[in-house]
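Working notes, structure below.
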Amino acid sequence: MGEGIKLPVLNGLGRTNRIDNWLRQPLAMGIALTAAMIYTAVRLFLYPDTIHYNVNGATVMSPIFSPNVLEWELFGLNDWNHPGWVNAAILVLWIPFGFRGTCYYMRRVYYRTFFASPVACWVDEPEINKKIGYKGEKRLFIFNNLHRYFLYAAMIILAIKWWDVTHTLHFTEGAAQGWGICIGTLVMGFEAFLLTMYVTSCHALRHLAGGVLDRWTSPIAKLRGKLFGRISVLNRSHGFWFWTSLTFVFLGDLWVLAVDAEMVSDMVLFAL
Ligand code: FES
27 MGEGIKLPVL NGLGRTNRID NWLRQPLAMG IALTAAMIYT AVRLFLYPDT IHYNVNGATV
87 MSPIFSPNVL EWELFGLNDW NHPGWVNAAI LVLWIPFGFR GTCYYMRRVY YRTFFASPVA
147 CWVDEPEINK KIGYKGEKRL FIFNNLHRYF LYAAMIILAI KWWDVTHTLH FTEGAAQGWG
207 ICIGTLVMGF EAFLLTMYVT SCHALRHLAG GVLDRWTSPI AKLRGKLFGR ISVLNRSHGF
267 WFWTSLTFVF LGDLWVLAVD AEMVSDMVLF AL
């Protein structure tokens with residue numbers, strides 16, 4: 027039944043019968059991703075000097091440069107006589123890049139925006155795509171299979187980001203001394219929260235929690251099944267967490283730059 031029926035798809039790049047504004051979403055996503063890559067490159071290679079600021083002795087770190095591994099005593103990194111162009115972000119960013127770059131949601135985004143394969147449902151793709159066809163996760167795309175390993179590394183980065191938030195809580199100088207919060211705490215805390223939501227809604231984490239099992243019957247398996255269900259709920263909004271966590275990396279960085287340039291000022295909101 028139905029064999030030989032041809033769907034009325036118009037042939038030719040970008041041709042479609044759709045009457046809605048189907049180009050808006052992929053266009054916005056393409057511009058946002060390109061802007062994110064350009065901003066990161068400029069920050070890493072042209073303006074890498076300002077990576078944190080100080081509020082009454084507490085350190086507020088730019089999300090792009092957190093964790094600042096060059097301050098770690100581990101492996102003598104703090105004593106390392108590194109080349110001038112090396113900074114913390116250059117050493118660490120391959121992890122978030124790899125994690126986001128191999129993300130299942132991100133694959134959908136770049137297939138649509140950069141490869142037009144297809145740009146949107148029911149919209150025709152370039153002839154070259156049809157010639158090449160879909161060959162699965164092979165050649166360069168074989169790296170997508172590393173996603174679960176990037177997930178493990180991203181979880182470590184996430185834990186360190188929360189650790190960095192604690193560095194904004196202790197004020198040792200000035201009038202307001204003690205434990206409390208400043209505006210930078212809210213900025214760093216919100217960035218860490220959004221990243222936590224992005225990581226905990228990950229498809230690979232869901233598989234780690236409750237995948238492989240045939241049935242969730244034993245007590246441990248039941249627990250894994252519950253976790254699977256919870257992550258599945260978060261997973262429905264994975265795209266939302268992808269974009270909000272990515273956006274806040276840059277907003278947080280702009281905040282640090284603005285405070286450092288004295289365009290705005292941070293303050294201790296309360297200290298005990
Ligand atoms: Fe998107 Fe894992 S699937 S981060």
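The opening position of the sequence shown corresponds to residue 27 in this note's numbering, with each subsequent residue numbered one higher. Glycine included, C-beta positions come from ideal geometry on N, C-alpha and C.
Check, Outcome
"Mapping DSSP to helix, strand and coil, what is Met27?", "Note that Met27 scores 49 on pLDDT, short of 50, meaning its location in the model is unreliable and no value can be drawn from it."
"Here's the rule I'm using: 16 or more other beta-carbon atoms within 10 Å means buried, otherwise exposed. How should Gly278 be labelled?", "buried"
"Asp150: beta carbon under 7 Å from a heavy atom of the ligand ZN?", "The ligand ZN is absent from the structure shown, which contains only the ligand FES."
"Do His233 and the ligand FES come close, with the Cβ less than 7 Å from some heavy atom?", "no"
"Can you list, in chain order, the residues of its chain whose CB lies under 8 Å from that of Leu195, leaving out five sequence neighbours each side?", "Ala84, Trp205, Gly206, Ile207, Thr211"
"DSSP state of Leu295, grouped into three classes?", "strand"
"Tell me the DSSP secondary structure of Gly196 in three-state form.", "First, the amino acid is wrong: residue 196 is His here, not Gly. Correct three-state label for His196: strand."
"Any idea if Lys187 is buried or exposed, counting beta-carbon neighbours within 10 angstroms, 16 or more meaning buried?", "buried"
"Do Ala146 and Trp281 have their C-beta atoms within less than 8 Å of each other?", "no"
"Classify Pro109 as buried or exposed, calling it buried when 16 or more other Cβ atoms lie within 10 Å of its own Cβ.", "exposed"
"Work out the CA separation of Ile121 and Glu99 for me, nearest whole Å.", "21 Å"
"Given 8 Å as the limit, is there contact between the segment 231 to 239 and the segment 247 to 259, that is, 3 or more CB pairs closer than that?", "yes"
"Please list the segments of the beta strand (DSSP E) lying wholly inside the segment 77 to 159, counting only runs of 3 or more residues, in order along the chain.", "78 to 81, 84 to 87"
"Looking at the unbroken beta strand (DSSP E) that takes in Gly40, where does it start and where does it end?", "Looking at the DSSP string, Gly40 is not in any beta strand (DSSP E), and its letter there is neither H nor E."
"With a threshold of 7 Å, establish whether the CB of Tyr175 neighbours any heavy atom of the ligand FES.", "no"
"For Ala115 and Asn94, I'd like the C-alpha separation in whole angstroms.", "7 Å"
"Verify whether the separation of the beta carbon atoms of Thr139 and Met55 is less than 8 Å.", "yes"
"Report the rounded CA-to-CA distance for Phe125 versus Ala201, giving the unit in angstroms.", "42 Å"
"Using a Cβ-Cβ cut-off of 8 Å (strictly less than) and excluding sequence neighbours within five positions of Leu298, which residues of its own chain qualify?", "Gly204, Trp205, Gly206"
"If you count every other CB in all the chains shown that lies within 10 Å of the CB of Trp111, and 16 or more means buried, which is it?", "exposed"
"What whole-angstrom Cβ distance do Ser271 and Leu221 have, given they're in contact under 8 Å?", "5 Å"
"Could you check which residue in Leu59, Leu53, Arg256, Phe91 has the C-alpha nearest to that of Leu70?", "Phe91"
"For the ligand FES, I want to know if Ala230 counts as a neighbour, meaning its beta carbon is within less than 7 Å of at least one of the ligand's heavy atoms.", "yes"
"Using only the alpha-carbon positions, how far apart do Glu97 and Ala67 sit?", "22 Å"
"Hey, is Phe219 close to the ligand FES, as in C-beta under 7 Å from one of its heavy atoms?", "no"
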